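Just so we're aligned: 17 in the UniProt record's numbering is position 17 of the sequence shown, and the numbers increase by one with no gaps anywhere. Every residue gets a Cβ at the ideal spot worked out from N, C-alpha and C, and that includes glycine. Note that this is a predicted model, so its numbers are computed, not measured. Here is the structure we will look at.
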Amino acid sequence: MDLTPRIDYFGNFDPKRVPSPCFVVDEQALRDNLEVLADVQKRSGAKILAALKAFSMWSTGPIVAEYLSGTCASGLYEARLGYEEYGGKDLGKEVHVFSAGYKEEELKEILQFAHHVIFNSFSQWKRYKALCLQAQRERPELRFGLRINPEHSEGHTELYDPCAPCSRLGIVRSLFEGENLDGISGLHFHTLCEQDFKPLERTIAAVEEKFGHLLGQMEWINFGGGHHITRCDYQVDELVEAVRAFSDKHQVQVYLEPGEAISLFSGILVAEVVDITWNGQNQAILDASATCHMPDVLEMPYRPEITGAAHPGELPHDYRLGGQSCLAGDSIGEYSFNEPLKVGDRLVFEEMAYYTMVKTNTFNGIPLPAIALWNSRTDELKIIREFGYEDFKERLSGRDWKILEHSSAQENGGCA
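Structure follows, in structure tokens:
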């Protein structure tokens, strides 16, 4: 896997230009990725959707809408964001939605604007089928699909593997026996995570083996996400050929949902050293936290790269880096540097656009990083958002309290 960017986008960026901590996204890097994806769309005939679960900095929505066919969402709020900010409302871009389980009130709202609504089980589809078909009569462009589980695992980390044993995601082949597919026009599968074409090729074969007898009834199939299409070593031509062959063979419209590929190489996290300590080894405390600002460091786990740093022992000065939180395990990793770190130094964490900004939290009241949009071609810099005390405070309580009626148990002295 070659995670070397095509261009050193942030080589000339001065981290002192932004507040700390701060996510910085490069508009030019984003556009370069989108051009690759747009070319895949054009040559393969696939429609490519921006997966908002990975990158939903909606100030870039109009940019994404210039290149792609729409967005895919994992629930109501992401779906609304795609509709309102990524061209769904004004430009007719498609909005696709999948959820492991819909609540009726959420689904009713989704059905007002979505194009594809994908169900995770036959029980959910049956429960809401009448509601869906009524909405389709009012909006004929609505389509409904089922997420399938090809029981073919390509994932390297079980936490992120939708096809791990006993996964709750997708319907396995045996559960299709005797089921009526009236109203279903497409199938969706998702098996990959940060992978190239060969795992997709093997997954397609597994899908055709298990579900090939259903494809003739379908209008479309969604190959899901996890495709690192914008990586330098990704086999783009093989992907294009495979999509065209699948479309021609089964007479279906193919969709792809790359999430990371849209913002690969396009974002950094600027952090500042706030203290230097020692306990068996040198420690540096940063205003960026693993648990608050980059939780995949702990969940995956993985060690993010820092510009100019190296592994312990490779450069003269070693440090263990950690955040400000009270979590003992809030450790980002061990690194070495050419010069001793000192309070006030700025560090640049690489690859911090996807699956990072969307996962931040305010544990311990630690402030969320600011968000900036920079253009490496023009050097234009915009501070998109800064967060303060009110953003933390209003999360768990609010001023607009609602007084609910007493329950019958309260009225009867606690005996319902």
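According to DSSP, simplified to helix, strand and coil, what is residue i?
| i | result |
| --- | --- |
| Q251 | coil |
| V172 | coil |
| L381 | strand |
| A271 | strand |
| D26 | strand |
| N364 | helix |
| F392 | helix |
| G414 | At G414 the pLDDT is 48, less than 50, meaning the model places this residue with poor confidence and gives no usable figure here. |
| E299 | helix |
| H152 | coil |
| L373 | strand |
| I403 | coil |
| K53 | coil |
| L68 | coil |
| P15 | helix |
| R139 | coil |
| M357 | helix |
| A205 | helix |
| T157 | coil |
| D8 | coil |
| H311 | coil |
| F265 | coil |
| L215 | helix |
| Q112 | coil |
| L200 | helix |
| S59 | helix |
| Q41 | helix |
Given a threshold of 16 other Cβ atoms within 10 Å of its Cβ, counted over all protein chains shown, does residue i qualify as buried or as exposed?
| i | result |
| --- | --- |
| F378 | Before going on, a small fix: residue 378 reads as Thr here, not Phe. Exposed: under 16 other Cβ atoms inside 10 Å. |
| V343 | exposed |
| residue 458 | Here the chain covers residues 1 to 416 and nothing more, so residue 458 does not appear. |
| K198 | exposed |
| P367 | buried |
| S397 | exposed |
| T356 | buried |
| E260 | buried |
| H293 | buried |
| K402 | exposed |
| I262 | buried |
| S44 | buried |
| L404 | exposed |
Would you grab the beta carbon distance between residue i and residue j for me? Rounded to a whole angstrom, and I think it's under 8 Å.
| i | j | result |
| --- | --- | --- |
| Q283 | R320 | 5 Å |
| S74 | S99 | 6 Å |
| S336 | E351 | That belief does not hold up - the Cβ atoms of S336 and E351 are roughly 19 Å apart, past 8 Å. |
| C163 | E151 | 6 Å |
| P19 | A370 | 5 Å |
| V254 | F246 | 6 Å |
Please name the residue or residues paired with residue i in a DSSP beta bridge.
| i | result |
| --- | --- |
| A242 | In DSSP, A242 forms no bridge with anything. |
| L256 | I48 |
| residue 419 | The chain is shown from 1 up to 416; residue 419 falls before or after that span and cannot be answered. |
| D318 | S336 |
| Q195 | H227 |
| L347 | A271 |
| T291 | Answer by DSSP bridge pairing: none, since T291 is not bridged. |
| S331 | G322 |
| L286 | V273 |
| L146 | F119 and L187 |
| V97 | A73 and V117 |
| W278 | N282 |
| I306 | F349 |
Whose C-beta lies closer than 8 Å to the C-beta of residue i among residues of the same chain, with five residues either side of it excluded?
| i | result |
| --- | --- |
| T60 | V25, E27, L30 and L373 |
| G70 | K47, L49, A50, G82, Y86, G87, G88, K93, E94, V95, H96 and H115 |
| R147 | F98, I118, F119, N120, L169, G170, I171, L187, H188, F189 and H190 |
| L91 | A65 |
| Y128 | Y102, E104, L107 and F119 |
| H317 | N282, S336, F337, N338, E339, P340 and L341 |
| T157 | C193 and M300 |
Keeping to the same chain, check which residues put their C-beta closer than 6 Å to that of residue i; ignore five residues upstream and five downstream.
| i | result |
| --- | --- |
| L347 | A271 and I306 |
| C193 | G155, Y160 and G226 |
| W58 | L81 and E85 |
| C415 | Per-residue confidence for C415 stands at a pLDDT of 49, beneath the threshold of 50, marking its modelled position as unreliable; the derived number appears in the next sentence. No residues qualify anywhere along the chain. |
| K382 | L373 |
| T277 | Q283 |
| L68 | I48 and A50 |
| K359 | P295 |
Might you give, ordered along the chain, the residues of its own chain that have their beta carbon closer than 7 Å to the beta carbon of residue i, omitting 5 neighbours on each side?
| i | result |
| --- | --- |
| Q217 | L181 |
| T291 | L298, G323, S325, L327, D330 and F363 |
| K16 | R346 |
| A135 | L111 and L142 |
| S123 | none |
| V252 | L215, M218, E219, W220 and I221 |
| S167 | N149 |
| A242 | E201 and I204 |
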